[in-house]
Amino acid sequence: MESETRTSQRKSRRTANACIACRQSKIKCSGRDPCQNCQRRSIQCQFAVGNNKILVSEKYLQDLQKQAEKNQRPSSTYNLDSLAQAAGYFRSPVSQPSGPQTEIDPNPVTTPQYPNASTPFDVWPDVYPMPVKIIRNSQKNRRTWIWLAPWSTWSYTMRLIHLLRERLHPEDPSLPPNVVDPDVYTLTWETGSPSNPPDISGLPSLNHAIYFFNTVKFHLSHVYRLFKEQEFENEIREFYANASEKVAKCQLWFAKFLLILAFGTAFHASPVDSEEPPGAKLFARAMALIPNTTTLWKDSLLAIEVLILVSLYLFSVAEREAAHIYLGQAICIAQLEGLHTELPEQDLGPETAAYCRDLWWTLYIMDRHFSCSLGIPMSVKDSDITTPVPSPNAGSPLDSARSLQVNLSNLLSVILTTVYQPTITPLATFLEQTRSILHTLARHAQEIERIIKLKLQSSVGTIPRSTSYLTLLYHQCVIVATRPLLFSILKERLDMLEHPGNENWDSFLAKTGAVISTGIKSAVKTVQILTSEYSLLESFLPYDIEFAFGAALHLTIADALFPDVEDYQKSRQIAHQILDGFVSRGSRVAKARRTELSHVETLCQELVAEVQQQGHQTLHLLYSAGIAADIVRKTNEEQDRLLAASRGEPSAMLEMTGDLGNQSPTLDGNMEYLDDIGISSEEFLSIVQQMGTTLPESMLTLNQSD
């Protein structure tokens, strides 16, 4: 028995993988690289590779053989009909660069070329799956590279430009310097010393300051809540009654006041093309008063408000990275104060508790927006938030609008994190994700319909800007959710250049045409809404510029892929006119976006010419007939009226009289307005049902409070 035990122990101590030196010397090997014997003998330790024998099941071996055969099978044997039945796991070929690259670090995944490949049935959410792309930074700073994020609209544009140039201009696929995120504005400030008294000279009069404050409320209150309005106005009056005492009592409040003045100045700035952004001097004075982090966080809600204003100003002047850093500080302080949880009203009071909720959801909305713009993960997970969201059916219309805005921001983040994965997505999976998103959008459309109808029935005024903003955010969700389909078709078009004749798009477009058309329609509707509110568009805040650029980019790709649809071309031209309007108002951010868009348009026109010259199949959207005809007609009428008014024609000037809001639809066109802005819950539910699956039980929304 003892002998058997010793034998068992000896067998258990045997090493399955011994190095070559130990095998030749017939001594025990530790099995590590390097082994103990070779280390002690100071010789090179080498292991034989591939000589170990293992046991696997026959089924496992057969599965591996089938997988290998599937991967080696020529792609020409695939077509859309067969892939439609098999859920389409075929990978579309990746175009390999054939020219020198000086500005892009590709590090490409080695993928075989299939020049005769049939049209794929997979979706490329990212133009370049892993590994990610970077751009060599040419700016005068210590930043070596610029990371191209997976879902940022800007980085998507850069990736798209490189993809097109790589195929159309292989001799020089590098990105032109004028489109690689140039320094839009020059903005600097000095850090102040706590011992130095703040400079309170050169400020506007009390009435002017109150006017600026009301201007800021008008421009920001429909999106954010950053102050208790009446309380802050009283504090402004206290400041002008005794400025030195007020500043000595709280310098951070004075910094907030200067930031309000900076925004007010920016909103009323004359259209001057200056390297310094409007309101920069007041902003710099405010920044000099903000203490370091060890002290700042102790100012609680006031510190959060100040940091939000700082981040919003920086974001508006194209300093997105710095804006994200300051917003992150605000979120951290808010979490330290427990704003992401349900705070007790009995201890804080109903008013303070409600304000803390509003302030938290302001941070949440900004975080989701910044994440979408920069393409980086959200700072706070939804699972960590217990702050209740008011139900859209409860409270005032403003509360309903804010609740819907929170849910749309949440849905946008869900779209980005689920649809935009750095892998190729099977079409069946993508359509299932899109179906759930469209169904959720249909529910949100019902809420927007309800809010608009209540406004139209209870007021003789126009649709408020907050509702228009919600509608634009709604269409942005649709565009972002459906954009990967357009990019996938574009990529396949590029891969099939020089190899016409093996295309079969009918089955693919039959399955995806409704979804693609929905995204294009949202882009067209976005242009129409922006045109109808031309006099109310923001040239300083980034939102309207982003909406216009995103819609124009989507329409540019659609026009390149489906060139026979004249309506897309007209809507794209109108989007250009909107960006031109921003530029004429002095927006250098809009000027940079217009440069990027023009470069994409030039490359897309070259692609269309190549496709036609080589005799490729002309693509048709089965669902696109008449999709934008009525929209474009109404938009053209609006454009003609605005142009006539700008020339001073009497009939047009009569229509333009009244307050600025008269550009929006009134009660006279109440039922037409819902169709004009593209909000139709029935249409979205119809598309979901056409996709052939049952409706989801759970909605992609946050938990609502009663």
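Under the numbering used here, the first residue of the sequence shown carries the number 124, and numbering increases by one thereafter. All C-beta atoms in this analysis are idealised placements derived from N, C-alpha and C, irrespective of residue type, glycine included.
Local conformation of residue i per DSSP, three classes
i: W274; result: coil
i: I547; result: coil
i: P513; result: strand
i: W268; result: strand
i: I257; result: strand
i: V246; result: strand
i: S312; result: The sequence given here places Trp at residue 312; Ser does not occur at that position. Correct three-state label for W312: coil.
i: N337; result: helix
i: T447; result: The question names Thr, but residue 447 in the sequence shown is His. If DSSP states are grouped into helix, strand and coil, H447 belongs with the helices.
i: Q169; result: coil
i: T741; result: coil
i: L595; result: helix
i: W420; result: helix
i: T641; result: helix
i: S774; result: Residue confidence for S774 is low, a pLDDT of 40 falling below 50, so the modelled location carries little weight; the figure read from the coordinates is stated next. Three-state result, S774: helix.
i: H492; result: helix
i: K576; result: helix
i: T635; result: helix
i: D396; result: coil
i: F390; result: helix
i: A411; result: coil
i: K714; result: helix
i: S658; result: helix
i: Y436; result: helix
Straight-line gap, residue i to residue j (C-alpha atoms, nearest Å)
i: N140; j: I166; result: 18 angstroms
i: R711; j: P665; result: 11 angstroms
i: L381; j: A389; result: 12 angstroms
i: L613; j: V503; result: 34 angstroms
i: R288; j: E729; result: 10 angstroms
i: R163; j: C152; result: 12 angstroms
i: N160; j: L187; result: 38 angstroms
i: Q737; j: P623; result: 7 angstroms
i: L554; j: S532; result: 21 angstroms
i: Q465; j: T416; result: Here residue 465 turns out to be Glu, not Gln, going by the sequence shown. The straight-line gap from Cα to Cα measures roughly 26 angstroms.
i: E356; j: L343; result: 16 angstroms
i: T280; j: F631; result: 25 angstroms
i: T311; j: S434; result: 15 angstroms
i: T276; j: A674; result: 11 angstroms
i: T641; j: D690; result: 15 angstroms
i: P686; j: L676; result: 15 angstroms
i: L617; j: A441; result: 32 angstroms
i: T510; j: I488; result: 14 angstroms
i: S721; j: G704; result: 15 angstroms
i: S397; j: P549; result: 48 angstroms
i: P299; j: L405; result: 35 angstroms
i: S589; j: Y436; result: 20 angstroms
i: E468; j: T475; result: 8 angstroms
i: D507; j: V302; result: 39 angstroms
i: R573; j: S393; result: 38 angstroms
i: L659; j: Y592; result: 11 angstroms
i: Q169; j: P157; result: 8 angstroms
i: D490; j: L450; result: 7 angstroms
i: L432; j: S423; result: 15 angstroms
i: I680; j: H562; result: 25 angstroms
i: K634; j: A551; result: 10 angstroms
i: I427; j: A715; result: 31 angstroms
i: Y543; j: K576; result: 35 angstroms
Cβ-based burial, residue i [other Cβ within 10 Å; buried from 16]
i: I150; result: exposed
i: P513; result: buried
i: P401; result: buried
i: C116; result: No statement about residue 116 is possible, as the shown extent of the chain runs from 124 to 829 and does not include it.
i: D615; result: In the sequence under discussion, the amino acid at residue 615 is Glu, which differs from the Asp named in the question. Classification of E615: buried, given that the 10 Å Cβ count is 16 or more.
i: T817; result: Here T817 scores only 38 on pLDDT, less than 50, and its place in the model is too uncertain to base an answer on.
i: H391; result: exposed
i: R525; result: buried
i: E313; result: exposed
i: R360; result: exposed
i: S662; result: buried
Cutoff 8 angstroms: residue i Cβ touching any chain B Cβ
i: K351; result: Considering every chain present, this structure includes no chain B. It has just one protein chain.
For the region 483-502 against the region 262-275, are there 3 or more C-beta pairs whose distance is under 8 angstroms? Output reads yes: the region 262-275 touches the region 483-502.
Between the region 318-327 and the region 551-567, do at least 3 Cβ pairs fall closer than 8 angstroms? Under the 8 angstroms Cβ criterion, the region 318-327 does not count as touching the region 551-567, having fewer than three qualifying pairs.
Cβ pair count under 8 angstroms reaching 3, the region 646-658 against the region 383-398: As far as the Cβ criterion goes, the region 646-658 does not touch the region 383-398, which means the pair count is below three.
Decide yes or no for the touch test of the region 479-494 against the region 348-362: beta carbon pairs closer than 8 angstroms, at least 3 of them. With the cut-off at 8 angstroms, the region 479-494 and the region 348-362 touch.
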